[in-house]
Amino acid sequence: MKVRLATVWLGGCSGCHMSFLDLDEFLIDLANAADLVYSPVVDVKDYPENVDLCLIEGAVCNEDNLEILHKIRAHTKVLVSFGDCAVTGNVPAMRNPFGMDNVENVLQCAYVDHAQNNPAVPKADGIVPQLLANVRPVHEMVFVEYFLPGCPPPAARIKALVAQLLAGAVPKLEGEQLKFG
Amino acid sequence: MQLDELKAIAEKHRSSRKKIIVRTCMSAGCMSSQADIIKKNLEAEAKAQGLEADVEVRRVGCMGFCGQGPLVGWDNSGEHGLWEFVKPEDAASIIAALKGGECKVQRGDPKHPFFAKQMHIVRANGGIIDPERIEDYIAIGGYTALHHSLTELQPAQVVEEVTKSGLRGRGGAGFPSGLKWGTVAKSPGAKKYVVCNGDEGDPGAFMDRSVLESDPHLVLEGMAIAAYAVGADQGYLYVRAEYPLAISRLQIAIKQAKQLGLLGAGIFESPFNFNVDIRIGAGAFVCGEETALMASVEGKRGTPRPRPPFPAESGLWGCPTLINNVETFANISAIINKGGEWYAGIGTEKSKGTKVFALTGKIKNNGLIEVPMGIPLRQIIMEMGGGAPDGRSIKSVQTGGPSGGCIPADYLDTPVDYESLTKLGSIMGSGGMVVMDDTTNMVEIAKFYMEFCMEESCGKCIPCRAGTVQMFNLLEKITQRKATARDLAKLEELCDMVKNTSLCGLGQTAPNPVISTLKFFRKEYAELLQPDPFGP
Amino acid sequence: MAVKTLTIDGRPITAEEGATVLQAATEAGIKIPTLCHLEGVYDVGACRLCIVEITGTTKLLPACTTKVSEGMEVQTQTERLRNYRRMILELLFAERNHVCAVCVSNGHCELQTLAYSQGMEHIRYDYTFPKWNVDTTHRLFGMDHNRCVLCTRCVRACWHIEGAGTKNIAGRGATSKIITDLNQPWGDSDSCTECGKCVMACPTGALFQKGSTVGEMVHDRDKLEFIVTAREKKQWVAAD
Amino acid sequence: MSAALITPQKNRIQAVLQHASGDKRFKILEVHMKKHQFRQDALIEVLHKAQELFGYLEDDLLLFISYKLKLPPSRVYGVATFYHFFQLKPQGEHTCVVCLGTACYVKGADKIINGIQDKYKIKAGETTADNKLSLLTARCIGACGIAPAVTYDGHVAPKQTPEAALERIKTWIQ
Chain A
63 MKVRLATVWL
73 GGCSGCHMSF
83 LDLDEFLIDL
93 ANAADLVYSP
103 VVDVKDYPEN
113 VDLCLIEGAV
123 CNEDNLEILH
133 KIRAHTKVLV
143 SFGDCAVTGN
153 VPAMRNPFGM
163 DNVENVLQCA
173 YVDHAQNNPA
183 VPKADGIVPQ
193 LLANVRPVHE
203 MVFVEYFLPG
213 CPPPAARIKA
223 LVAQLLAGAV
233 PKLEGEQLKF
243 G
Chain B
1395 MQLDELKAIA
1405 EKHRSSRKKI
1415 IVRTCMSAGC
1425 MSSQADIIKK
1435 NLEAEAKAQG
1445 LEADVEVRRV
1455 GCMGFCGQGP
1465 LVGWDNSGEH
1475 GLWEFVKPED
1485 AASIIAALKG
1495 GECKVQRGDP
1505 KHPFFAKQMH
1515 IVRANGGIID
1525 PERIEDYIAI
1535 GGYTALHHSL
1545 TELQPAQVVE
1555 EVTKSGLRGR
1565 GGAGFPSGLK
1575 WGTVAKSPGA
1585 KKYVVCNGDE
1595 GDPGAFMDRS
1605 VLESDPHLVL
1615 EGMAIAAYAV
1625 GADQGYLYVR
1635 AEYPLAISRL
1645 QIAIKQAKQL
1655 GLLGAGIFES
1665 PFNFNVDIRI
1675 GAGAFVCGEE
1685 TALMASVEGK
1695 RGTPRPRPPF
1705 PAESGLWGCP
1715 TLINNVETFA
1725 NISAIINKGG
1735 EWYAGIGTEK
1745 SKGTKVFALT
1755 GKIKNNGLIE
1765 VPMGIPLRQI
1775 IMEMGGGAPD
1785 GRSIKSVQTG
1795 GPSGGCIPAD
1805 YLDTPVDYES
1815 LTKLGSIMGS
1825 GGMVVMDDTT
1835 NMVEIAKFYM
1845 EFCMEESCGK
1855 CIPCRAGTVQ
1865 MFNLLEKITQ
1875 RKATARDLAK
1885 LEELCDMVKN
1895 TSLCGLGQTA
1905 PNPVISTLKF
1915 FRKEYAELLQ
1925 PDPFGP
Chain C
4 MAVKTLTIDG
14 RPITAEEGAT
24 VLQAATEAGI
34 KIPTLCHLEG
44 VYDVGACRLC
54 IVEITGTTKL
64 LPACTTKVSE
74 GMEVQTQTER
84 LRNYRRMILE
94 LLFAERNHVC
104 AVCVSNGHCE
114 LQTLAYSQGM
124 EHIRYDYTFP
134 KWNVDTTHRL
144 FGMDHNRCVL
154 CTRCVRACWH
164 IEGAGTKNIA
174 GRGATSKIIT
184 DLNQPWGDSD
194 SCTECGKCVM
204 ACPTGALFQK
214 GSTVGEMVHD
224 RDKLEFIVTA
234 REKKQWVAAD
Chain D
287 MSAALITPQK
297 NRIQAVLQHA
307 SGDKRFKILE
317 VHMKKHQFRQ
327 DALIEVLHKA
337 QELFGYLEDD
347 LLLFISYKLK
357 LPPSRVYGVA
367 TFYHFFQLKP
377 QGEHTCVVCL
387 GTACYVKGAD
397 KIINGIQDKY
407 KIKAGETTAD
417 NKLSLLTARC
427 IGACGIAPAV
437 TYDGHVAPKQ
447 TPEAALERIK
457 TWIQ
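Going line by line, the protein sequences match chains A, B, C and D.
Position one of the first sequence corresponds to residue 63 (my numbering), numbered consecutively onward.
Position one of the second sequence corresponds to residue 1395 (my numbering), numbered consecutively onward.
Position one of the third sequence corresponds to residue 4 (my numbering), numbered consecutively onward.
Position one of the fourth sequence corresponds to residue 287 (my numbering), numbered consecutively onward.
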């Protein structure tokens, strides 16, 4: 039975996924051991059920992020916060000090105060998801089993963690493998 | 000044006394209800009713029963009485009552357990003498203990007497005073200091304020004896800026003592010199911690430093320094006058003497009491305090302020001594005793204290500075019904860490109110927790 | 100078009387994590990362301010200590806005290094995301309060090595802040000598040379020790 | 070193001294400092006196003190901001200090604070827009026997209620 693997991309730059693709030949081993059932790199619309392992890139920034995260937690055995945005909030969370619990301030700052032309807060209800009051790391919203820090985590670090997980071990990263940034 | 001169002052003062003494409490509590006007009116009435020759209207310090204030007491040929809730317009009928007239003002009962169960050492003169007249203090035997120490005892004998008494620090931690004095005395150094810690910061505590306002010379005399015992010639009395009345009375007291040669150079014509300067705090709870207080005396930010070295070895400006609390110093002259053995006969095996408590909160009889160590908490709360008002029941008694804990009503039979209170997860503390009734939400109380510690953290060490913020946030989350069992576990883990890793007493004890309420009232926390659908 | 014998993590060690546990351990090649400690300035025992267990005392004591004594038994790496240290680091990360990915000191930061060497892979406490400013008014240097851990190394370097007293700490508790003179923009400082010792002393990217971009700010901390040794011992020992 | 950094320094302290020379309060403050022999460890006593004279501690005043005690300005500022008692901003015409000690708290001091906050739309530590009222809190003024206590313009009032507090403040603000 192959492991049902998912990767998701919340509020982040997709750099962690790029690093994931840098796994090179390990991707072949991975393909033998796991089915990629959901990911930005595969064309599946809805998060499936009974997922064994999910790597989550990005911080929780908007209502869509939160909704899918809740679904992911309900349908997945093991979650991994994948990269600094998921682990710490990182760059996306740098908006928080501009207005904790005040999204209007943040939008005003980004789209009006610092706009070069057409200063206006964009409004597209139902199309652009509502921002959450502030950006949070994944584990503050749902329970997360393991953490894979790095911005992005180097491919070797991703491999170390995933290989241990596929081998059924409790993954252990230490020393520089835990370095933020 | 010589002993015969001191005795002459006492004698002259005693002989000039009038027959009837009307004592008007002029401590901060009663002053807030126009005690000054009451005194003025009483004086005017005494004159108007032709009693000027027989009646002395005296300003006195705290009588203790603050919740019934303003208080006016009287002494007439061995008889005593007390009026409560006095208003300025009551002056006429009070003076009239002295000659048997009718008086509708509420009379206090001196046999009430609130008074009857007390034992006065520290507060012996409180509410009796005029704190702004040194003659009053001398007339009741003041400064004879200092004279005795300087002329009859070697410094080591003074330390010995204090050691024998079993007196322990009244600031909260209960360190044996004799041991501390001995260490300072033995520490090498030409310059030594004595510091009196009057930075009574515990919310809900006003023992030291009351002692300083009612009997400032008692504290000064204790400091002078201590200075002689340890070999210091300079003292600092650190008082909170929130106590302006205490500060002004101390200033007066120091001036008077200097004029009579009881402070300053060559006290009692001996080679012993001792000067006291007042240092006024500026609103920082952490300055109650001795190393922070020393930094503040030196004019710096009041941040603590690691101990060792202890102040006894390296204190103010690196010199050996004796730091004791106001109440500790206030016990000294009695110990010298009556002997360490007499003192050791009061209290329990390990906690000697008396302790002053500020009995406040949801209790019928609010005020200041001095009781022998070892008295069961129940006697204090139910008999002296009269239990909870408005027909409610007592839920808990908080002792030790933000460093202490909440003792549940089931444990009211606990004797009040250092060890028993510690065993219950609280501490003796400086003497604040805040009673809570069954309407009190214990999680809110824990949050109240944590907010206090968070705002009073000096910010020097990380566990206290950042840990109190996180603990407060978690408590807030719990009271807002947004927390899960995982949050509570985090809170408990933080309590343990902050307690064990913080630099000073503030951080090390900041988790105590949470730990003790979790121990006895965990159900109240559990009821606020929410399910955790996205948990493990 | 008398010599004391003690054990650290079970190893017998000798140290000079008056030495701190940290000095004795460092001499013996035993690494105790530190943050507010800086060679060249006096210790304050504030960060609590170097706390150790000493047989016979229930209190945990900071290695940087605790003096060695005869027969002392010191433990520096127990599970309990590691756990506490990790929690302290987590508290620091949650306290201000430490974003390693965009920090000038990324890769050269003592806080970052401490975090991974103590096994911190995430922060369990809710981030507080406070609003702090960046002072770039000085001609040569900048100060980003978001990255400050309030270790006061800059303050101590400015007071005790340079002697200018330009930097100090203002406020208290979580709102404490490193200030310049009367809490004014650094560029307006009357007393700053522009010596840069505060920048050298900083463990994180809070103090930086202007013009540094991500990962470029390497603090030359050894230079402070060099100056102090030269001044006090008249020994000019080039740093490694 | 750039000359631009030197110039404001000289101007600033000289401007402060100039300012001080025309203000009698600075003279009184200096006499007070002299009483303490300009000792640096008297800094807190000097700040108390300065606040008593000026109402609050503005930058010029702090600079004057640092100059006279020969202390770095950063030290004076650091000390002034450490202690709650020192105010670096001017207060309103009237001050209302609600004691939040434990005894006052369990007897409803929080309700007094809320009452004033709601009525005058200011939080603790703030002053009303018309500069009439500053609302402050105290950690414990030691008047626990008469809790809850509120200090109005320096005078302690016993056993207060939200209604009593608002009544009192009303006499200040028409």
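Note that the Cβ used here is the ideal one computed from N, Cα and C, for glycine as well.
Check	Outcome
Short Cβ contact (9 Å threshold) for B/L1716 with B/V1588	yes
Residues of the segment 127-140 of chain C with Cβ closer than 9 Å to any Cβ of chain A, in chain order	R127, D129, Y130, T131, F132, P133, K134 and W135
DSSP-derived helix/strand/coil call for C/D147	strand
Contacting residues, own chain, Cβ-Cβ under 6 Å from A/N180 (five flanking each side not counted)	none
Contacting residues, own chain, Cβ-Cβ under 8 Å from C/T23 (five flanking each side not counted)	D46, A66, C67, T68, T69, K70 and V71
As assigned by DSSP and simplified to three states, the class of D/R373	In the sequence on display, residue 373 of chain D carries Gln and not Arg. Three-state DSSP puts D/Q373 in coil, outside helix and strand.
Nonlocal neighbours in the same chain, by C-beta distance under 7 Å from D/L347, ignoring five residues either side	A336 and F340
Any alpha helix (DSSP H) of 4 or more consecutive residues that is wholly inside the segment 1456-1508 of chain B	1485-1492
Contact set between A/H201 and chain C, taken where Cβ atoms lie within less than 9 Å	H125, I126 and R127
Coil, strand or helix - D/A290 by DSSP	Residue placement at D/A290 is flagged as unreliable, the pLDDT there being 42, under the threshold of 50; the coordinate-derived value follows with that caveat. Reduced to three states, the DSSP call for D/A290 is helix.
Proximal residues of chain B, C-beta to C-beta of D/H370 below 8 Å	A1676, G1677 and A1678
Check whether A/C43 and A/L83 have beta carbons under 9 Å apart	Absent from the structure is residue 43 of chain A, since the part of chain A shown begins at 63 and ends at 243.
Beta carbon of D/P448 nearer than 9 Å to that of D/Y391	no
B/L1445 versus B/A1429 - alpha carbon distance	21 Å
One or two residues paired with D/S420 in a DSSP bridge	D/T381 and D/T413
Secondary structure of B/F1915, DSSP reduced to three states	helix
Opposing strand residues paired with A/D97 [DSSP bridges]	A/R66
Proximity test, Cβ basis, 9 Å: B/R1880 and chain A	yes
Alpha-carbon to alpha-carbon, B/S1471 and B/G1495	17 Å
Proximity winner among A/A136, A/P191, A/Y109 and A/D114, relative to A/A96 (alpha-carbon distances)	A/D114
Beta-bridge partners of A/W71, as assigned by DSSP	A/E119
Neighbour-count burial assignment, D/V302, 16 or more Cβ in a 10 Å radius	buried
The segment 1399-1408 of chain B touching the segment 104-122 of chain A, judged by at least three CB pairs closer than 8 Å	no
Touching by the beta-carbon criterion (3+ pairs, under 8 Å), the segment 350-364 of chain D and the segment 382-402 of chain D	no
C/V107 vs C/S215 beta-carbon contact at 9 Å	yes
Backbone secondary structure at D/N400 - three-state DSSP	helix
Sub-9 Å separation of B/L1639 and B/S1410 beta-carbons	no
Alpha carbon of D/K409 to alpha carbon of D/I455, nearest angstrom	15 Å
Under the three-state DSSP convention, the category B/Q1645 falls into	helix
C-alpha distance - D/L291 paired with C/G199, whole-angstrom precision	Reliability of the predicted coordinates at D/L291 is poor, the pLDDT of 42 falling under 50, and no value is obtained from them.
Beta-carbon spacing of B/T1862, B/G1826 below 9 Å	no
Per-residue DSSP class, three states only, for C/C195	coil
is_contact[D/P358, chain B] using C-beta, thresh 9 Å	no
Contacts around B/I1674, its chain only, beta-carbon distance under 7 Å, and the 5 residues preceding and following it disregarded	V1633, A1635 and I1641
Neighbour list for A/F205 in chain B, Cβ cutoff strictly below 9 Å	R1880, D1926, F1928, G1929 and P1930
Sub-9 Å separation of B/L1922 and B/A1879 beta-carbons	no
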